[in-house]
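Here our numbering is used: the first residue of the sequence shown is 37, the next is one more, and so on.
Virtual Cβ for every residue (Gly too), placed ideally from N, Cα, C.
Every value quoted in this text rests on a predicted model; they were computed, and no experiment measured them.
Remarks on the structure that follows.
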Amino acid sequence: MVEPDMGGRGVGMARETADAVIIGGGVMGTSIAFQLARRGFGKIVLLERDGIASGTSGKSSALVRMHYSNESTIRMAWRSLDIFENFEEITGGGQASFKQPGYLVFANEALAEGVQRNVSLARSLGVETEWIDPGEVARLAPWARLDDLAGAAYERRSGYADPYGVAMGFADGARKHGAVIRQNCPVTGVRVEGGRAVGVDTPRGPVDSPVVVNAAGAWANKVAGLSGDRFPAEAIREQDTVFETAGIGGERVEVMVYDAPTKLYFRPEGADLLLIGRDNIEPEHVDPDDFNEKEDMAFVLDVVKRMTPRWPDFENAHLLRGWGCLYCITPDWMPIMDRHPGTAGYFICTGMSGHGFKLSPAVGEMMAELIMTGACPRPDISDYRLARFSEGRLMQSVFDRGFQG
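This is how it looks when you write it as structure tokens:
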């Protein structure tokens, strides 16, 4: 599997060299490591300060869907779906546990035009999606009250997966291609000489490398600070809940939903549970090393308040568990994937803003192509360049900020 904690026994060892060092063991870092390793880039070393998927990735709601407002992100999601559907074969045995109950985006009259525009764009790119009327929505969601809806977007192949299994699958796949995966190995320094990245420092000793990839998620700016940098990507607290819904109203939710009017997203969690999250209406900026990892009762009550008008029987559901976790957001709630503007060999992959899990397979491919060739035109990685913020070219969504669309 992956290399275990060496308990500091690496201190004093000879300097290590690598062709690329990746910082961060979530789905971003492991996907990049896998894609570089399978392409034969050389010796790939991934460094994770805790365990694989121990941060944001492991607590992901793990939705996989294609509904976006721009071409490049739709292409990324569509490509990622293909990898999720063939994950075991592609990674050489990793278990994504991918389930495909389908995905609905509920839209009222105010949102219908924008959602339909997204559907048309996605269909023009080959995505299997469609706009359906309230009668068809009722067939897929018989538990729901739909009197405020104009219809919904529907993706029959979308679903959800096991976030830990996906991250471990990428890590194990990378290792099978010769990569070194080190857990419990924090990066304590990023070395830059003459305007070029030359390696990193760790408690086990330095690793010299001409390529350094910051894929540290919510900790990206803590890593960036090691070389005097700061990126427009901030850690915020996100919350999710799981309710037991067995037997309420005689119906079960068997499809994933983004309910745009109520700002809730939810999906089945096994047979009789429902995982529910809410848009980040007022982002709570936090220190990723010091935040509340439990759910707030005010949040839980707000979820119930928003959910009950859509599913009246939900008032009889029982809270099973909840948690606080992290997003790393940018000003336009879209990723940064780029080369460092002033440091050759330093690459940035952060600010996933809640999109990360579903896009991670394509992100790994795109970052590998950028690192190896200097570009990735399709999907167009330049759409996610760091400079778009200073240029005032922020990416747009038909939804408010806080929904990952």
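Whether residue i touches residue j by CB criterion (8 angstroms)
i    : j    : result
A296 : F120 : no
G205 : T127 : yes
P268 : V289 : no
L140 : V291 : yes
H242 : G381 : Looking at the sequence provided, one finds Pro at residue 242 rather than His. No, Cβ-Cβ distance for P242 and G381 is not below 8 angstroms.
D184 : N144 : yes
I88  : A404 : no
T165 : Y200 : no
S105 : G62  : no
M64  : C385 : yes
Y301 : G285 : no
G261 : G60  : no
M102 : V163 : yes
V248 : V226 : yes
R51  : D244 : yes
Opening and closing residue of the alpha helix (DSSP H) in which residue i lies
i    : result
G225 : No alpha helix (DSSP H) contains G225, which is instead part of the beta strand (DSSP E) from G225 to E229.
A143 : Element bounds for A143: not the alpha helix (DSSP H) but the beta strand (DSSP E), Y139 to A143.
P304 : No alpha helix (DSSP H) holds P304; the beta strand (DSSP E) holding it covers L300 to P304.
V339 : M333 to R346
R424 : R424 to E427
D208 : P199 to K212
M292 : Per DSSP, M292 belongs to no alpha helix (DSSP H); it is in the beta strand (DSSP E), M292 to D295.
F70  : V63 to R74
I407 : G392 to T409
A256 : A256 to A260
Range of the contiguous beta strand (DSSP E) that encloses residue i
i    : result
Q275 : E270 to E280
V248 : V248 to N250
D237 : R232 to D237
I168 : E166 to I168
F191 : The question names Phe, but residue 191 is Glu in the sequence shown. Its beta strand (DSSP E) spans residues G187 to E191.
V312 : Reading off the sequence, residue 312 comes out as Ile, not Val. Segment L309 to R314, the beta strand (DSSP E) holding I312.
G358 : H354 to I365
D374 : I372 to R375
I119 : Note, I119: premise wrong, no beta strand (DSSP E); alpha helix (DSSP H) at E107 to E121.
I80  : I80 to L83
F327 : Run containing F327: none; DSSP gives neither H nor E here.
I59  : A56 to I59
V216 : V216 to R218
F383 : Y382 to T386
When the options are compared against residue i, the one with the closest alpha-carbon
i    : options                   : result
S418 : G381, P371 and A215       : P371
D55  : V434, S67, V81 and R75    : V81
E351 : W114, I58, R227 and G283  : G283
T379 : R193, Y196, D265 and R75  : D265
M343 : F383, T366, D374 and K299 : K299
H391 : P377, L362 and L406       : L362
R75  : G201, G387 and G209       : G209
G230 : S263, D198 and I68        : S263
R175 : E287, H213 and G400       : E287
I272 : V293, Y301, E320 and P377 : E320
G306 : S160, Y196 and G171       : Y196
P239 : A254, A98 and C221        : C221
I58  : F435, P345, A207 and V434 : A207
S389 : L99, E401 and D368        : D368
S433 : R51, T109 and K95         : T109
A398 : G60, C364, F77 and S116   : S116
A188 : A180, W179 and I168       : I168
D315 : I407, V259 and F435       : F435
E401 : A180, Q71 and T66         : Q71
Classification of residue i by the beta-carbon crowding that lies within 10 angstroms, buried from 16 upward
i    : result
D276 : buried
A423 : exposed
K394 : buried
I36  : Given that the chain is displayed from residue 37 to residue 441, the structure contains no residue 36 and the question cannot be resolved.
E39  : In this prediction, E39 scores a pLDDT of 46, lower than 50, which makes its location untrustworthy; the coordinate-derived value is nonetheless stated afterwards. E39 should be labelled exposed.
S426 : exposed
G441 : At G441, the pLDDT of 43 sits below 50, so the modelled position is not reliable and the matter cannot be decided from this model.
L311 : buried
G428 : exposed
R45  : Confidence at R45 is low in this model, with a pLDDT of 39, below 50, so the placement of that residue is unreliable and no value is reported for it.
T409 : exposed
E274 : buried
A146 : exposed
D325 : exposed
E270 : buried
H354 : exposed
M37  : The predicted model places M37 with a pLDDT of 39, which falls under 50 and marks its position as unreliable; any figure quoted below should be read in that light. The residue is exposed, with fewer than 16 neighbouring Cβ atoms inside 10 Å.
G43  : Its pLDDT being 38, under 50, G43 is placed unreliably by the model, and nothing is read from it.
T224 : exposed
S97  : buried
A411 : exposed
S160 : exposed
L430 : exposed
D374 : buried
Inter-stretch contact at 8 angstroms, needing at least 3 Cβ pairs: the segment 321-331 / the segment 354-366
yes
The segment 150-164 touching the segment 229-243, judged by at least three CB pairs closer than 8 angstroms
no
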